[in-house]
Amino acid sequence: MSGGGDKHLKPATKLVRGGRRPEWTGPVVNPPVWRASTHLYEKDADRQAAGGNNNDGQFFYGRRGSPTQWALAEALTQLEPGAAGTVLYPSGVAAIAGGLLAVLKPGDRLLMADNAYDPSRSMATGLLKRLGVTTTFFDPLDLDAYRTLFAEPVRAVWLESPGSLTFEVCDVPALAAIARDHGAVSLIDNTWASPLGFAALSHGCDITMMSLSKHVGGHSDLMMGSASAGERWYRALRRTAQDLGQVVSPDDAALAARGLRTMGLRLEAQTRSALKIAQWLEAQPQVARVLSPLLPSDPGHALWRRDFTGGCGLFGFVLASADRTAAARVVDALQLFGIGYSWGGYESLALVTTPQDHRTVMPSPDTAGPAIRLAIGLEDADDLIADLAEALAGKETP
Ligand SMILES: *Cc1c(COP(=O)(O)O)cnc(C)c1O
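Just so we're aligned: 49 in full-length UniProt numbering is position 49 of the sequence shown, and the numbers increase by one with no gaps anywhere.
Here is the structure:
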């Protein structure tokens with residue numbers, strides 16, 4: 001779905017205005033939920049005209065959406081500088097598949113960052129391999145080694161920054177520029193930062209995707225994904241999504257749009273709390289290392305400051321006793337953190353992770369042990385710190 005005017009406005013204003021075209025909202029504030037498979041026509045000729053006009057914002061049939069989905073897609077496009085349009089998918093993983101399948105064909109070679117989200121890795125080694133695409137995993141922090149991989153033809157590069165579980169920030173503009181110089185397409189999983197924290201297309205990527213189940217939904221009650229791109233790749237994304245029959249329900253689109261309106265405030269609050277908690281954790285004797293580019297001490301902090309305009313509440317830490325049982329004991333002892341997947345909701349979550357199980361190239365000596373991933377919600381940061389203090393202390397008792 002293409003974006004309209006409002007390009008000059010600041011992100012906070014775009015979050016409020018995005019997609020609320022008067023012809024979609026009518027006299028109310030939010031675009032109503034158009035729950036429909038069938039769109040009715042006056043005459044056969046009207047139906048024929050609609051079928052031939054496969055453009056955004058045209059009624060045709062439920063699979064091409066209605067104003068509820070168009071409004072969300074348009075709001076996301078307006079947030080993404082350089083985007084011509086956004087495609088919605090029923091999950092973030094479906095958006096990853098939608099992006100990769102729009103670009104790749106049998107015989108192609110894909111380079112994938114070694115710290116990509118594990119289901120992205122599985123897609124490369126499973127589905128894409130069966131379709132005749134070969135994948136080489138690479139260390140996104142080693143530009144020299146990455147450059148040598150272009151000795152053989154490369155069709156596409158898959159990036160994620162900060163990396164999943166270990167949160168390394170990579171030099172996206174440099175990686176994307178090298179790809180472009182070799183005629184390769186750059187795709188990025190921008191779920192962590194969202195367009196509010198990282199303008200992926202302006203930094204050289206061709207296609208950017210995110211899981212809307214995280215920050216956009218924001219309330220742990222919906223699954224959705226999106227991919228945005230400039231004109232050329234937006235057309236390819238849209239075509240491929242239509243071929244695959246991808247559609248999101250209008251009810252979920254309305255929920256996601258509702259979440260989007262407050263995403264900026266939530267991200268600001270969660271980033272502030274995450275930094276405070278990460279700094280506190282850094283000073284604890286039971287903690288070997290905190291994995292967060294928000295911290296000035298983090299190796300990725302300089303790049304994060306250079307390229308990003310925001311953060312989020314998600315980061316990790318490694319216990320001094322690099323032992324899975326100890327990590328599980330800490331997580332089990334937490335009272336204010338739920339144990340569960342996903343993140344970006346209003347409530348805090350904790351999870352024991354084992355990054356080394358999801359890497360084949362990157363050396364990660366100090367993150368090799370099990371880590372704990374925290375998704376900081378909207379609770380008071382001091383309450384969360386007190387909870388962490390008790391859980392870390394409890395781990396000492398036999
Ligand atoms: C959760 C997540 C996804 C997948 O999103 P779903 O909506 O859960 O399918 C993709 N990338 C990252 C980085 C994620 O954290």
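Glycine included, C-beta positions come from ideal geometry on N, C-alpha and C.
Query, Result
"Would you mind sorting H358 into buried or exposed? The rule is 16 or more other CB atoms within 10 Å of its CB.", "buried"
"Taking DSSP as the reference, what is the three-state secondary structure of I376?", "coil"
"So is the beta-carbon of residue 399 under 7 Å away from any non-hydrogen atom of ligand 1?", "Lying outside 1 to 398, the shown extent of the chain, residue 399 is not represented and no answer is given."
"Only counting the same chain, and skipping five residues up and downstream in sequence, which positions put a Cβ closer than 8 Å to that of S202?", "P81, G82"
"Applying the criterion that 16 or more other CB atoms from any shown protein chain within 10 Å of the CB defines a buried residue, is T309 buried or exposed?", "exposed"
"Kindly indicate which three-state DSSP category T135 falls into: helix, strand or coil?", "strand"
"Count the other C-beta atoms from every protein chain shown that fall within 10 angstroms of the C-beta of I339, then say buried if there are 16 or more, exposed otherwise.", "exposed"
"Distance, Cα to Cα, M362 vs E168?", "11 Å"
"Would you kindly check if the distance between the Cβ of G313 and the Cβ of A12 is under 8 Å?", "no"
"Under the criterion of a Cβ to heavy atom distance below 7 Å, does V352 qualify as lining ligand 1?", "no"
"With distances taken Cα to Cα, identify the nearest neighbour of L79 among P173, T353, V16, L255.", "V16"
"Which of the three DSSP states is assigned to E152 in this structure?", "coil"
"Out of L72, T271, A50, point me to the one whose CA is closest to V247's CA.", "L72"
"Out of F60, G65, D56, which one is the CA nearest neighbour of W34?", "G65"
"First and last residue of the alpha helix (DSSP H) that includes G99?", "92-103"
"If you draw a straight line from the C-alpha of P398 to the C-alpha of E390, how long is it?", "With a pLDDT of 42 at P398, under the threshold of 50, the modelled position of this residue cannot be trusted; read the value that follows with caution. Cα to Cα, P398 sits roughly 14 Å from E390."
"Judging by CA-CA distance, which residue of A241, A229, V157, Q286 is the nearest neighbour of S91?", "A241"
"Under a Cβ-count criterion, where at least 16 other Cβ atoms within 10 Å of its own Cβ denotes burial, should N55 be classed as buried or exposed?", "exposed"
"Quick one: does the C-beta of D214 sit closer than 7 Å to a heavy atom of ligand 1?", "It should be noted that the sequence gives Lys, not Asp, for residue 214. The answer is yes for K214."
"Under a three-way DSSP split, which group does W280 fall into?", "helix"
"Note down the Cα distance separating A200 from H39, rounded to an integer number of angstroms.", "36 Å"
"Between the alpha carbons of M112 and M123, how many angstroms are there, rounded?", "11 Å"
"Suppose the cutoff is 8 Å on Cβ atoms and the five residues either side in sequence are ignored; what does the same chain contact list for Y61 look like?", "S37, T38, H39"
"Using DSSP bridges, identify the partner residues of M210.", "S226"
"In three-state terms, what does DSSP make of S297?", "coil"
"Suppose contacts are defined by Cβ-Cβ distances below 8 Å. Is I376 in contact with V330 by that definition?", "no"
"Compare the C-alpha of P250 against each of H219, R238, M223, L281 and name the closest.", "M223"
"Quick check: the Cα distance between S2 and A229, rounded to an integer number of angstroms?", "For S2, the predicted structure reports a pLDDT of 47, less than 50, and the residue's modelled location is therefore unreliable. The matter cannot be settled from this model."
"Whole angstroms is fine: what's the gap from D6's alpha carbon to A177's?", "29 Å"
"Where does the unbroken beta strand (DSSP E) through S202 begin, and where does it stop?", "Counting along the chain, S202 falls outside any beta strand (DSSP E), and DSSP gives it neither H nor E."
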